[in-house]
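Colleague: Could you have a look at this structure, given as structure tokens, before my questions?
Numbering (our numbering), first residue to last: 1313 to 1499.
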């Protein structure tokens, strides 16, 4: 849009310059014949060519200005046609890019849907794993408790075994004493 405005401003400036140049070229310099408006109508006689020269100059200026305006209008129309064609091309490009954007948005929504499905599936699997882990932790706790009970039972059995061993040793020693007494009595 700014290119269009700049082009129109440039055309406007060119028109101004050409109009100023044309009016400057047709102006009568100072020190020459006065213009028709400045002449005293009583001093004009039939052999004074100033009136016909200024009308001819005015006629040439009007024609040259008309030609310049026509040329400038053709330029403006040409530039406008270029702008219209570039805008049409731009709208076609924009339309095709809109189609691409719609495709991309569609793909993004599909990916989001797949991500949501994958997330739900992953959350379900994580929940299953957490359930299994909590069961294993519960089983480990139960095993720890049972192993503690088993250890205490083993300790009790070891203590009982030690008592029995001590009693066996005591009994063995008594049996040995009794054997010795029997041997001593039998002799």
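Each residue gets a CB set at the ideal place from its N, CA and C atoms; glycine is no exception.
1. Helix, strand or coil: which one does DSSP assign to residue 1422?
2. Tell me which same chain residues have a C-beta within less than 8 Å of the C-beta of residue 1462, skipping the five on either side of it?
3. Could you round the C-beta distance between residue 1316 and residue 1395 to whole angstroms and report it? I think they count as a contact, below 8 Å.
4. Could you check what DSSP says for residue 1343 in three-state terms: helix, strand or coil?
5. Once DSSP output is grouped into helix, strand and coil, what is the label at residue 1415?
6. What would DSSP say about residue 1449, mapped onto helix, strand or coil?
7. Relative to the alpha-carbon of residue 1334, which residue among 1376, 1440, 1326 has its alpha-carbon at the smallest distance?
8. Could you give the DSSP three-state label for residue 1322: helix, strand or coil?
9. For residue 1384 and residue 1318, which I take to be in contact (beta-carbon distance under 8 Å), what is that distance rounded to the nearest angstrom?
10. Check residue 1471 in the structure and name its three-state DSSP category.
Modeller: From the atom records:
1. In this structure, residue 1422 counts as helix in the three-state DSSP scheme.
2. Excluding sequence neighbours, residue 1462 sits near nothing in its chain.
3. About 5 Å separates the CB atoms of residue 1316 and residue 1395; that is less than 8 Å, so the two are in contact.
4. At residue 1343 the pLDDT is 48, less than 50, meaning the model places this residue with poor confidence; the figure from the coordinates comes in the next sentence. In the structure shown, the three-state DSSP call for residue 1343 is coil.
5. Shown here, residue 1415 sits in a helix according to DSSP, grouped into three states.
6. It is helical.
7. The option with the nearest alpha carbon to residue 1334 is 1376.
8. DSSP places residue 1322 in helix when its eight states are reduced to three.
9. Contact flag wrong, Cβ pair sits at about 17 Å.
10. Note: residue 1471 maps to helix in three-state DSSP.
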